[in-house]
Amino acid sequence: MAAFTELVFSGVQPTGNLHLGNYLGAVKRFVEMQDRDAQCLYCVVDLHAITVWQDPEALRGQIREVTAAFLAAGIDPKRSIVFNQSQVPQHAELAWVFNCVARLGWLNRMTQFKEKAGKDRENASIGLYDYPVLMAADILAYRATHVPVGEDQKQHLELTRDIAQKFNTDFSGSITAHGHGDAFFPITEPLIGGPAARVMSLRDGTKKMSKSDPSDNARINLTDDADAIAQKIRRAKTDPEPLPSEVAGLKERPEADNLVGIYAALAGITREDVLRDFGGAQFSTFKPALADLAVTSLAPIAGEMRRLTADPGHIDAVLADGGARAETIAAQTLDAVKDIVGFVRRGPSLQAVR
Ligand code: AQP
């Protein structure tokens, strides 16, 4: 692997209904990260997907669809490593080691589990509860320095940092003895930000745009055609006031704030810039402009996704190549982790990984 100053890792679950929030909060930013001095790894996190039951045949299709979305959005599988999690066994292996590092109290604080398990907690899978530990393993199997994610993943990233820190402390003597200096795992930097770090539902500006929202009108799917996109924006909930001229005027107006944020993210500008152009305008003026921008930005991606998913052999080859490249890195980390923890390995001990 060439020497890069940063290692970027992020993932998307193949749980269907990939939407504008996933695109603006994550995938679009993955593409931009490729221009940094960084080795980027982008993972279709299928082990995470099965923390809630998935129909097996549908899951296979969804894995290919997320891969197609990555490629259609502009991730270059030669520059970046594109793969699916279940092809690299070190993710699950490292998760077990981290299960023995993470504390029950830490996991009990995770709000996403509480939201997803709802009232029927006793019936949630152990995988759903353990999700953030597997996520830490995904990131740290590559000793990633930076993780671009939407705002909803902030707490999980904090847990990843806590696990890295505790591992480095618990095994500090062994880490030094095996030639890794003071610390083996980096304290990963979350990259959360921009105008679309949290894209909200088009039907309720206080709720996150989400794959599992029962209303399809609440989200713009990456597979929606131009008519569906325009119609969903036309029907998006708003208030009767015109757009303000200053960002402060968006406070207490969640739906207006959301649409302005979406416009800003799609255009690559700030909310301030949007309000400079549209301050004082009615939604009857702003919504058609937003619909045009959304269609221009998203229709080519949908078209390319359709073309790519028609050739599953090509997608599978991309994933196989990426999986092999990812495993080369993750296997080195796991060899070092086994030495540090005190396991007896089959092969000879590796020296410092980097
Ligand atoms: N609404 C959003 N705004 C900005 N970013 C978002 N992300 C998800 N929703 C939004 C980001 O997309 C990346 C991949 O997310 P995921 O595959 O983990 O899916 P998720 O967060 O479970 O997506 P949903 O839509 O929220 O699914 P459900 O309905 O199952 O809960 C992540 O970086 C995430 O932050």
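With positions in the sequence shown counted from 1, the corresponding number in the working numbering is that position plus 85. Think of the CB as a built atom: it goes at the ideal place given N, C-alpha and C, for glycine as much as any other residue.
Close-in-space but distant-in-sequence residues of the same chain around residue i (CB under 8 Å, 5 per side omitted)
i    : result
Q436 : Here the model assigns Q436 a pLDDT of 49, short of 50, so the residue's position is not dependable, and the following value carries that caveat. G264.
T196 : Q240
M390 : E150, A153, A154, A157, L307, T308
V403 : T152, L156, P162, V167
R246 : I272, T273
R320 : L287, N302
S382 : L351
K293 : G106, D237, R283, V284, M285, S286
Candidates the options, of which the one nearest residue i by Cα
i    : options                : result
V426 : G365, Q147, S210, G258 : G258
K372 : I400, E340, G398       : E340
E412 : L335, Y216, V167, G106 : V167
T100 : K201, V130, A262, L335 : V130
P325 : R338, A374, A421, V284 : R338
A303 : A88, V97, L105, F89    : L105
L307 : P385, P271, A374, F270 : P385
Q250 : V116, P271, A180       : P271
R361 : P329, G346, I314       : P329
R145 : L189, V112, V93, Q98   : Q98
D377 : L404, A313, A333, G432 : A313
W181 : A221, L242, K199       : A221
A187 : R283, Y216, V116       : Y216
Q417 : T370, D342, V284, E178 : E178
D289 : D255, D237, G278, L344 : L344
V137 : F115, A202, Y108, I160 : A202
G190 : Y214, P174, Q172       : Y214
S95  : Y127, T323, Q175       : Y127
E243 : R194, L287, V284       : R194
V93  : C185, T370, L225       : L225
A333 : G364, F269, A379       : G364
G219 : F256, I160, F115, Q175 : Reading off the sequence, residue 219 comes out as Leu, not Gly. Of the listed residues, the one whose Cα sits closest to L219 is Q175.
Helix, strand or coil at residue i [DSSP, three-state]
i    : result
F428 : coil
K293 : strand
N169 : strand
E337 : coil
I404 : The residue you asked about is not Ile; residue 404 is Leu in the sequence shown. In this structure, L404 counts as helix in the three-state DSSP scheme.
V438 : Confidence is the limiting factor: at V438 the pLDDT is only 47, short of 50, which leaves the residue's position unreliable, though a coordinate-based value still follows. Of the three classes helix, strand and coil, the one that applies to V438 here is coil, per DSSP.
P327 : coil
N343 : helix
V112 : helix
L103 : coil
V234 : coil
L92  : strand
Local Cβ density within 10 Å of residue i, reported as buried at 16 or more and exposed below that
i    : result
R439 : Low local confidence applies: a pLDDT of 45 at R439 is under 50, so the model's placement there is unreliable, and no value is given.
N208 : exposed
V429 : exposed
D223 : buried
S297 : exposed
K199 : exposed
C125 : buried
K113 : buried
K336 : exposed
R410 : buried
G110 : buried
N107 : buried
K317 : buried
D342 : buried
G432 : exposed
R392 : exposed
I211 : exposed
Residues of its chain near residue i, where Cβ-Cβ distance is below 6 Å and the 5 sequence neighbours each way are ignored
i    : result
A349 : P280, T355, R356, V359
L276 : H231, P233
A134 : Q98, P99, T100
T90  : D122
Neighbourhood of residue i by C-beta, 7 Å cutoff - its chain only, sequence neighbours within 5 removed
i    : result
G407 : P162, I166, V167, F168
E331 : L360
S171 : D131, L132
F368 : T323
V173 : G408, A411, E412, A415
G353 : none
Any non-hydrogen atom of ligand 2 within 6 Å of residue i CB
i    : result
G101 : Inclusion of ligand 2 in the displayed structure is not the case, the ligand content consisting of ligand 1 alone.
Cutoff 7 Å: residue i Cβ touching any chain C Cβ
i    : result
I160 : Note that chain C does not occur in the displayed structure, where there is just one protein chain.
Practice problem: Jot down the residue ranges of each uninterrupted alpha helix (DSSP H) in the stretch 122-147, minimum 4 residues, whole runs only, in chain order. | Solution: 131-134
Self-check item: Secondary structure, beta strand (DSSP E): runs of 3+ residues fully inside the stretch 254-284
Solution: 274-276
Exercise. Quick one: which unbroken beta strand (DSSP E) runs of 3-plus residues sit fully inside the stretch 143-225? Chain order, please.
Key: 166-169
Practice problem: Please specify which runs of the alpha helix (DSSP H), each continuous and at least 4 residues long, are wholly inside the stretch 364-405, giving them in chain order. | Solution: 368-394
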